[in-house]
Structure formats: C-alpha cells, structure tokens
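Quick note: the sequence shown uses the numbering used here, first residue 10, plus one each step. Heads up, the thing below is written out as structure tokens.
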Amino acid sequence: MLHVPEAIPLPEGMDLSFHWGESENFQISAPRIDVFGNLISPPQGTTTDEGFSIGLFENKFFMKFNWYETVAGNVSFGYPGFLFEADRRIIRYNTQEARDAAGYIGPPDFYKELTDWRIVDGASTASGQSVEQTATSFSLQDTQSTASKGKEIDMIYNPTSNWRISLNISQQEATTSNIAPATIEYLTYRIDEWTNPNNPASFLIADESDQPSNIRIYGTLLNQLNSSLAREGQLVGELREWRWNLATNYRFEEDSIMGGWHAGGAFRWEDSKAVGYPITLQTIDGQSLALPDLTSPYTDQSTERLDLWLGYQTKIFDDKVDWKVQLNLANALGDGDIITTVVQPNGSPRSVMWREGRTFRLRSTFNF
C-alpha cells in the first residue's frame, strides 16, 4: 500500500492511498488421476487486487475502490457417467458373437489396465456377460479452469461518533475454460465405434431401449458433454452479477434518556441470475443436437432483504457483569416465499426452495 505523503498537497482533511497485491494459493485435496493414469496437480490459482482509497473530512467519510481478478486451474470436473458406462452396457446387451461380428474392440488398453476391466460370464444380463472393474487407488477426475473478475466499492460515513453508515457495491463475472481435456482426448479412442455409421460396432444395442449406440450415445453422453463444453469462455449465468448492501447503526448518548440503547438496520439487494436454459437444435460437427441456448437463459427475480435490530447494554451486579440484549428482526419484508432455483427447458419449475420469512430472534449475553 502506498500512502500519498504529506509533502504532496491535498485538500484539507483528505487522505489518499493506493494498493496493489498479488497472491498465489493452492487447495490441499485428495490425490486425483485422469483417465490416462496421470497424477493431477492440486487446484491452484492466483489473485490480483488493485485500487485506491480516499478519506474525507478527517476520515469521517471513507471510500475504497478495488478491482480484482482470480484465475484457478486444475479445478475438478467429474467425468460424465456414460463415458465409461456406454461400453459396459454394450457388453451387457450384446452377445459375444454379436460383438465379434461387428468388429467391436471396446475401451483402449490403458483404461482396461487402469481399472482392471474384466468381462465375466454368468451374469443375469441380456448377453449373459457383464463387466467387473477395480476402483482406482486415487479419485478419477477431469479438470477445468475458472476465472473471475469484478469490482468493489466500500463507503463508510460517520456523521457523528455514535452513528455509522456503510454501503458496499460489488460486481462480479466468472468464466470457465479448458473444460474436460482428458474426456475430450478419451473420446478420440471411442467416438468411431460409438457414432460412425460406417462402423458396424456403432449399431450394437446401447441399453434396454434397444436403440443402437450411434443414436443412444447422444442422449446419454454427448448432449450433456456438449452442453458443458458450450460454456467454454461464456459468462457463468448462474452467478448474481451485481449486489449491494446498505447498513447503519446508531448508539444513543450515554447521558441521554435512551442511554445504553442502539438501533440499526441493513438492506441487501442482489441481481437476478440464470436458473435454466431453453433447448434448441444446434449443429455440432455436422450433427443436429439438442443443446441449451446459453444466450437466452431463464432468470429468477432479483432479491431484497431488510434486517432490523434494537439492543440495550448496561452493567449489572455492581458493575461486575456487562449485560447485552438485542432483538433482531430478520427479513422484515419477507413472507416465506417459495423460490424457483432451477427450471426445466420449457420454463416450468424443476427445483424450488423456501426462503425464510420474517423471523424474530432475541439474544442475551453476559460478560464478566
């Protein structure tokens, strides 16, 4: 932090300083490997902050402006379940003879060795066979990178020594990148047998639906994966971009009729966010796929919350005990609303939550 020295003239009662910082961090996590058996480094990232602060009227009024950016790599991204389940189902729903006739090869050798892949007879499946595997010693994960940036403004005003008003305004954006690199590479080993109509193996039955792999694999795997990959470089819509908090507290003078009492409140507002996306047909690699339209999200409403409090403090038992009691009214404007958190592609609710309504809480503490 750099404070403007007194040698530089500023208006009377004004202070000015600048700040800049950079930090690196990593997250200690359980050991992870990718589908190729490579050890994945722990999630790690860097954060930079820069801005300036201004104090006015002998610091009765203080403002801080801050811009930040955080970049994180090797963040866990779970493998889509059917990336590996697809071949297990082909074994269960197609006999050995049918697979041999189609020239089916199956998962690459490195995956079979990593998971001790074994085809066993005598299973109660359509083919009479199933797959047994041994769990890997370390968690099997893919990765992605995330980046977020934003700005914050903090303002504090003390009109008097016992009255404080504060306002915080923040804006943030987040994106994802380098999504599922190991998954994408693994698909290069399997996509031909699963989707190429010129490969007879793509017509093997995929599951109990009796659909061939070259049709079913889109519904069970590729549509979901392409939905995730479509978010590459896109702003995360599920994040509330803007929010602000206004709070105030007033403590009455000790020698006044209200001595020992204090009262205050806080009003919080948060921007709307995406709760789902409509499904549209989009062409990917020559295939017409039903994917979420990330440019036209369904959004919820912005949220507001008002909290109020009233408290009293005094000394009791010959000034040996400090007694504090405070009544809090949380969400004073709330009525216990039902909030939609996720919607279906047609816009109908898929998941909802109950927002706590108006709540009174009384707290009493004794310090001695």
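We put the CB at the ideal spot given by N, CA and C, even for glycine. Model, not experiment: these values are computed from the prediction.
1. Looking only at DSSP bridge pairs, what is Lys324 linked to?
2. Can you name, in chain order, every residue of its own chain whose Cβ lies under 8 Å from the Cβ of Leu213, other than the five neighbours on each side?
3. Counting C-beta neighbours from all protein chains within 10 Å, is the total for Arg225 16 or more, i.e. buried, or is it exposed?
4. Runs of 3 residues minimum, wholly inside the stretch 13 to 47: which ones carry the beta strand (DSSP E) assignment?
5. Have a look at Gly159 and Ser179 and give me their C-alpha separation to the nearest angstrom.
6. Short of 6 Å in beta carbon distance, which residues of its chain neighbour Pro5, apart from the five on each side in sequence? Order them along the chain.
7. Start and end of the beta strand (DSSP E) containing Arg260?
8. Taking buried to mean at least 16 other C-beta atoms within 10 Å of its own C-beta, is Gly285 buried or exposed?
9. Assuming Asn337 and Trp318 make a contact with CB atoms under 8 Å, what is their CB distance in whole Å?
10. Is the beta carbon of Pro306 closer than 8 Å to that of Gly246?
11. Give me the residue from Trp172, Ile188, Trp253, Pro89 with the minimum Cα distance to Glu161.
12. Using the Cα positions of Leu123 and Leu244, report the straight-line distance between them to the nearest angstrom.
13. Taking only the alpha-carbon atoms, compute the straight-line gap between Gly82 and Thr184 and give it to the nearest angstrom.
14. Look up Gly273 in the DSSP assignment and give the residues it is bridged to.
15. May I ask you to report which of helix, strand or coil DSSP gives Leu248?
16. Should the stretch 61 to 68 be called in touch with the stretch 86 to 99, which here means at least 3 C-beta pairs below 8 Å?
17. Measuring alpha carbon to alpha carbon, tell me which residue in Leu48, Phe375, Lys333 is nearest Thr145.
18. Could you name the residues that DSSP lists as bridge partners for Tyr77?
19. Can you tell me the Cα-Cα spacing of Ile42 and Phe119, whole angstroms?
20. Taking the continuous beta strand (DSSP E) assigned at Asp130, which residues delimit it?
21. Report yes or no: is there a C-beta of chain C within less than 8 Å of the C-beta of Asp118?
22. I'd like to confirm the pairing. Which residues does DSSP put opposite Glu241 in its beta bridges?
23. Between Val330, Ile63, Met72, Ser26, which has its C-alpha nearest Asn177's C-alpha?
24. Considering Cα atoms alone, identify which of Lys329, Thr257, Ala275, Thr57 is closest to Arg314.
25. What residue from Leu303, Asp201, Asp328 has the CA that sits closest to Pro117's CA?
26. For Asp280, I'd like the list of residues in its chain whose CB is within less than 7 Å of its CB, leaving aside the five on either flank, ordered along the chain.
27. I need the DSSP call for Thr382, collapsed to helix, strand or coil.
28. What whole-angstrom Cβ distance do Asp58 and His12 have, given they're in contact under 8 Å?
29. Please identify the residue among Ser218, Gln153, Asp309 whose C-alpha is closest to the C-alpha of Ala191.
30. Along the chain, where does the alpha helix (DSSP H) containing Leu371 start, and where does it finish?
Answer, in terms of the structure:
1. Here the question's residue 324 lines up with position 315 in the sequence shown. In the DSSP output, where bridge partners are listed per residue, Lys324 has Asp331.
2. Along the sequence shown, one-based indexing puts residue 213 at 204. Hits under 8 Å: Ile99, Tyr102, Asn103, Ala107, Arg108, Ala111, Tyr113, Pro221, Ser222.
3. Position 216 of the sequence shown, counted from the start, is the residue given in the question as residue 225. Of the other Cβ atoms in all chains shown, 16 or more fall within 10 Å of the Cβ of Arg225; this residue is therefore buried.
4. List check, beta strand (DSSP E) in window: 24 to 35.
5. Walking along the sequence shown from the start, residue 159 turns up at place 150. Walking along the sequence shown from the start, residue 179 turns up at place 170. Their backbone Cα atoms lie some 7 Å apart in a straight line.
6. Residue coverage of the chain in this structure runs from 10 to 377, which leaves residue 5 outside it and unanswerable.
7. The sequence position of residue 260 within the sequence shown is 251, counting from 1. In the DSSP annotation of this structure, the continuous segment of the beta strand (DSSP E) that includes Arg260 starts and ends at 251 to 260.
8. Numbered from 1 along the sequence shown, position 276 holds the residue referred to as residue 285. Per the 10 Å Cβ criterion, buried.
9. As a position in the sequence shown, residue 337 is number 328, starting the count at 1. As a position in the sequence shown, residue 318 is number 309, starting the count at 1. That belief holds up - the Cβ atoms of Asn337 and Trp318 are roughly 5 Å apart, short of 8 Å.
10. The count along the sequence shown starts at 1 and reaches residue 246 at position 237. The count along the sequence shown starts at 1 and reaches residue 306 at position 297. It is a contact, given that the beta carbons lie within the stated cut-off.
11. The residue given as residue 161 occupies position 152 in the sequence shown. Ranking the options by Cα distance to Glu161, first place goes to Trp253.
12. Numbered from 1 along the sequence shown, position 114 holds the residue referred to as residue 123. Numbered from 1 along the sequence shown, position 235 holds the residue referred to as residue 244. Using only the alpha carbons, I get a separation of about 36 Å.
13. Residue 82 sits at position 73 when you count from the first residue of the sequence shown. Residue 184 sits at position 175 when you count from the first residue of the sequence shown. C-alpha separation (whole angstroms): 12 Å.
14. Here the question's residue 273 lines up with position 264 in the sequence shown. Partner(s): Asn258, Trp318.
15. Position 239 of the sequence shown holds residue 248. Three-state DSSP puts Leu248 in coil, outside helix and strand.
16. no
17. The count along the sequence shown starts at 1 and reaches residue 145 at position 136. Nearest C-alpha to Thr145: Leu48.
18. For the purposes of this step, residue 77 is identified with residue 68 of the sequence shown, where counting begins at 1. DSSP, once it has assigned bridges, lists Asp58, Gly159 as partnering Tyr77.
19. For this step, residue 42 is matched to residue 33 along the sequence shown. For this step, residue 119 is matched to residue 110 along the sequence shown. Approximately 13 Å between the Cα atoms of the pair.
20. Residue numbering aside, residue 130 sits at position 121 when the sequence shown is read from its first letter. Per DSSP, Asp130 belongs to the beta strand (DSSP E) from 127 to 130.
21. The chain inventory of the structure shown lacks chain C, comprising one protein chain alone.
22. By 1-based counting over the sequence shown, the position of residue 241 is 232. In DSSP, Glu241 forms a bridge with Thr185.
23. The count along the sequence shown starts at 1 and reaches residue 177 at position 168. It is Met72.
24. Taking the first residue of the sequence shown as position 1, residue 314 is located at position 305. The candidate whose alpha carbon is nearest that of Arg314 is Ala275.
25. For the purposes of this step, residue 117 is taken as residue 108 along the sequence shown, with counting starting at 1. Ranking the options by Cα distance to Pro117, first place goes to Asp201.
26. Locating residue 280 in the sequence shown gives position 271, counting from the first residue. Excluding residues within five positions, the ones whose Cβ falls inside 7 Å are Arg249, Glu250, Trp251, Arg252, Ser311.
27. In the structure as shown, the chain starts at 10 and stops at 377, and residue 382 therefore has no counterpart that could be examined.
28. Numbered from its first residue, the sequence shown carries residue 58 at position 49. Numbered from its first residue, the sequence shown carries residue 12 at position 3. In this structure Asp58 does not touch His12 by the C-beta definition: roughly 17 Å separates them, more than the 8 Å allowed.
29. Sequence index remark: in the sequence shown, residue 191 carries index 182 (1-based). Among Ser218, Gln153, Asp309, the Cα nearest to that of Ala191 belongs to Gln153.
30. Position 362 of the sequence shown, counted from the first residue, corresponds to residue 371. Leu371 -> not in any alpha helix (DSSP H); beta strand (DSSP E) instead, spanning 368 to 376.
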